[in-house]
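Below you'll find the structure, written out as structure tokens, and then a few comments.
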Amino acid sequence: MENKKRFKRAKEVLSDPRNPKEEVQALQDTIYVIGGKWKLPIINSICNGNKRFREIERSIPGITTRMLSRELREMEANLIIKRTVTDTIPVVVEYSPTEYCYTFGDIILEMIKWGKEHRERIKEDLSSEL
1 MENKKRFKRA
11 KEVLSDPRNP
21 KEEVQALQDT
31 IYVIGGKWKL
41 PIINSICNGN
51 KRFREIERSI
61 PGITTRMLSR
71 ELREMEANLI
81 IKRTVTDTIP
91 VVVEYSPTEY
101 CYTFGDIILE
111 MIKWGKEHRE
121 RIKEDLSSEL
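Using the UniProt record's numbering, you'd call the opening residue of the sequence shown number 1 and step up by one each time.
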């Protein structure tokens, strides 16, 4: 049953005849936008309600101020997040996910699911070797 779903989904997404160059480009585009060590944790933090720079920074262990700033600029350029500056004293800068950001929510959920299953599989494999 699962293979039928996968085949149907592949048929919807992939061109006929297959175009490997186009497929690789699409994968590279996706990895460029959400890949790397920090982008998904940043997205997760913002989607969980952290809006201000320091809130986001504190919610992600190990990220530097410089790296967070760079990643936020990149993500804004790729329309993943929106930066809002409120003209008050002091100036308030907040980040929020865009509707476009939510379009890959299912991808992220599948990645979380796969990661949990992978971790369990590795644990089981390691324990069976002992």
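Just so you know, even glycine gets a beta-carbon here, dropped at the ideal spot from N, CA and C.
Assigned exposure category for residue i - 16 Cβ within 10 Å defines buried
{"i": "Y95", "result": "buried"}
{"i": "S15", "result": "exposed"}
{"i": "M111", "result": "exposed"}
{"i": "K11", "result": "exposed"}
Extent of the continuous alpha helix (DSSP H) to which residue i belongs
{"i": "S69", "result": "65-77"}
{"i": "P41", "result": "39-47"}
{"i": "S15", "result": "Counting along the chain, S15 falls outside any alpha helix (DSSP H), and DSSP gives it neither H nor E."}
{"i": "I56", "result": "53-59"}
Extent of the continuous beta strand (DSSP E) to which residue i belongs
{"i": "I122", "result": "It is not in any beta strand (DSSP E) - I122 instead sits in the alpha helix (DSSP H) that spans 105-129."}
{"i": "L81", "result": "What sits at residue 81 in the sequence shown is Ile, not Leu. First-last of the beta strand (DSSP E) with I81: 81-86."}
{"i": "P97", "result": "92-97"}
- Message: Under 8 Å: do the region 54-73 and the region 30-41 share three or more Cβ pairs, one atom per stretch?
- Response: yes
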